[in-house]
Structure formats: C-alpha cells, structure tokens
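Below is one structure; the comments refer to it alone.
There are 2 protein chains.
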Amino acid sequence: MPSLSIRVDLGPDASIGPGKVRLLELIAETGSISAAARAMGMSYRRGWLLIDDLKTVFNGPLVETTAGGAKGGGARLTAKGEQVLAGFRALERQAASATARELHLIVALIEDAPR
Amino acid sequence: MPSLSIRVDLGPDASIGPGKVRLLELIAETGSISAAARAMGMSYRRGWLLIDDLKTVFNGPLVETTAGGAKGGGARLTAKGEQVLAGFRALERQAASATARELHLIVALIEDAPR
C-alpha cells in the first residue's frame, strides 16, 4: 500500500525521522533501550547514539534511565520525549490525510503502463 | 529553516524521494544525464541506475535519450517523467502547507531548553 516516509529536518545535521521515532516508541513500549534496539535489529550502542543525537537536537533528554528496583534498571521517555513522539505521529497523520489526492495521482501514473 | 523530506513508498523496494526527483529535475534543466548526475555529485552510472529503477517502478521510462543532432546526444523527460516530477512536487507542497502547525509544535519543543 502506498505511503509516505517523512523526515523532519530541523537544522544542519539535525533531523528526526521514522527510525528515531520508532526507537522512542519501542522504548516507551518495552521500558528498555536494549530491547528497543534489538527489536529494530540494531546494536545497543547504535540505539544509544540515536538517543544521544536526539538529546542534542532537542536541547534536552527524550529518554531517561531508571536504575535498580525489583525489575532492575530500565528506560522511559521524558515528558519532552512523549511530546516529540506524539508530535511527530500527529505530523505524519496530518501529512498522509492531506496528501491523499496527490498520492493517488502518483499511483495512477504507475498503473498507466504501456500495453 | 525546518522542513520536511518526503519519500513515497510504492511497494517493496519501490520508492521515489528527494534524490530521484532532484535527478529528474536536473535532467529536465540540463538536458543531460551526466550533467545532472555530476551536479548531484554522483557518477553517471549511479544516475543511470536510479533512472532505470524509476522505469521499473513506474512501468515505463521517465527519461528518454536523444541521439545526434547539432548538440550531440542528450536526455529529456518523457510525458510520464514530467507528470511524476510535477506530481511529487505537488505532494511536497501540499504536505508542507498542511503540516505547518504540527511542524511548529515540534520546533517549539527544541526551543523549550532548560535554562
């Protein structure tokens, strides 16, 4: 099914797109950076670097780690992390619904094959 | 200035995004695949492969080459190529204007830095 992949460019070397957003979402779901990274087929280090990059881009942490407790350490989104995740998903939904006609026109060009 | 980069996913291994669209645009402007590729810092072969990929995705050529004549050989967009280029740019414009509010909210999260 045709769909859009959107990256938001916020400055030189500062962006957020489907990969970083999915990582945030998986951290919220799993409570763990390593579990989230593993679910995306990336190393813990790669996941950590993406989270560190987001911290720089947004001038503050989107993820916080929690040490100890019955379940051992874990990770969760900060309030800003929740806002970035929700804001990006809202932008994606709005872009998809607003461009349905334009997307349909592009898809129609595919089906216009020579016979 | 914050902006969106959009890729349209049309199927497994079938997509069109800013790179391929810019290549089409430069071919239309320069009349040459090699000049267009060079302007993007890519090899002729890389440019040709992207154009070949688009031909597969859209079930027909988006670029046609013209041999001979006073200016030697060249390249130009087919009618379908013009439609794909215009259609993608229209989708980008529509997405950008429709998501101005959502983009502003994401940018506001950057400026919300700890002091």
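Protein chains in written order, with this note's numbering: chain A, 3 to 117; chain B, 3 to 117.
Glycine included, each C-beta is placed from N, C-alpha and C at the ideal position.
Values in this document were obtained by computation on a predicted structure and should not be read as measured data.
### Query
Under 7 Å Cβ-Cβ, which residues of chain B neighbour glutamate 104 of chain A?
One-based indexing of the first sequence puts residue 104 of chain A at position 102. Per Cβ cutoff of 7 Å: Gly89, Ala92, Leu93, Gln96.
### Task
Would you check if the stretch 19-27 of chain B and the stretch 83-103 of chain B touch, i.e. whether three or more CB-CB distances between them fall below 8 Å?
yes
### Message
Taking 9 Å as the threshold (beta carbon to beta carbon), is valine 59 of chain B in contact with chain A?
### Response
Counting from one through the second sequence, the residue named residue 59 of chain B turns up at place 57. Closer than 9 Å: yes.
#### Entry: Contact check, isoleucine 8 of chain A vs alanine 97 of chain A, beta carbons under 9 Å
Here residue 8 of chain A refers to the residue found at position 6 when the first sequence is read from its first residue. Here residue 97 of chain A refers to the residue found at position 95 when the first sequence is read from its first residue. In this structure, alanine 97 of chain A lies closer than 9 Å to isoleucine 8 of chain A by Cβ.
### Query
What does proline 4 of chain A reach in chain B if we use C-beta pairs closer than 7 Å?
To locate residue 4 of chain A, count along the first sequence from 1; it is residue 2. Near proline 4 of chain A (Cβ distances below 7 Å), the residues of chain B are Val10, Asp11, Leu12.
### Query
With DSSP run on the structure shown, which of helix, strand or coil describes glycine 19 of chain A?
Within the first sequence, the letter at position 17 stands for residue 19 of chain A. Three-state result, glycine 19 of chain A: coil.
### Cutoff 7 Å; reference glycine 49 of chain A; Cβ partners in own chain excluding five residues on either side
Indexing the first sequence from 1 puts residue 49 of chain A at position 47. Same-chain partners within the cutoff: Leu25, Ile35, Ala38, Ala39.
### Message
Against threonine 101 of chain A, what residues of chain B qualify as contacts under a CB-to-CB distance less than 8 Å, listed in chain order?
### Response
The count along the first sequence starts at 1 and reaches residue 101 of chain A at position 99. Residues of chain B passing the Cβ test: Leu93, Gln96, Ala97, Ala100.
### Within-9 Å CB hit, isoleucine 112 of chain A to chain B
Numbered from its first residue, the first sequence carries residue 112 of chain A at position 110. Closer than 9 Å: yes.
### Message
Measuring only the C-alpha atoms, how far is glutamine 85 of chain B from proline 14 of chain B?
### Response
As a first step, residue 85 of chain B must be located in the second sequence, where it is residue number 83. As a first step, residue 14 of chain B must be located in the second sequence, where it is residue number 12. Those two C-alpha atoms are separated by around 22 Å.
### Message
Just verifying my parser: in three-state terms, what is the DSSP assignment at threonine 101 of chain A?
### Response
Along the first sequence, read from residue 1 onward, the residue named residue 101 of chain A stands at position 99. Three-state result, threonine 101 of chain A: coil.
### Task
Hey, could you find the ends of the beta strand (DSSP E) isoleucine 6 of chain A is sitting in?
Position 4 of the first sequence, counted from the first residue, corresponds to residue 6 of chain A. The displayed chain sequence assigns leucine, not isoleucine, to residue 6 of chain A. Here the beta strand (DSSP E) through leucine 6 of chain A covers 5-13.
### Query
In chain A, which residues lie with their C-beta within 9 Å of the C-beta of lysine 22 of chain B?
Looking up residue 22 of chain B in the second sequence gives position 20. The premise fails here: lysine 22 of chain B is roughly 12 Å from chain A at the closest Cβ pair, so nothing lies under 9 Å.
### Query
Per DSSP, threonine 67 of chain B is paired with what?
Position 65 of the second sequence, counted from the start, is the residue given in the question as residue 67 of chain B. B:Ala77, per the DSSP bridge assignment.
### Message
Taking the alpha carbon of lysine 82 of chain A as the reference point, which residue from A:Ile53, A:Ser5, A:Glu104 has its own alpha carbon closest?
### Response
Here residue 82 of chain A refers to the residue found at position 80 of the first sequence. For lysine 82 of chain A, the nearest C-alpha among the options comes from A:Ile53.
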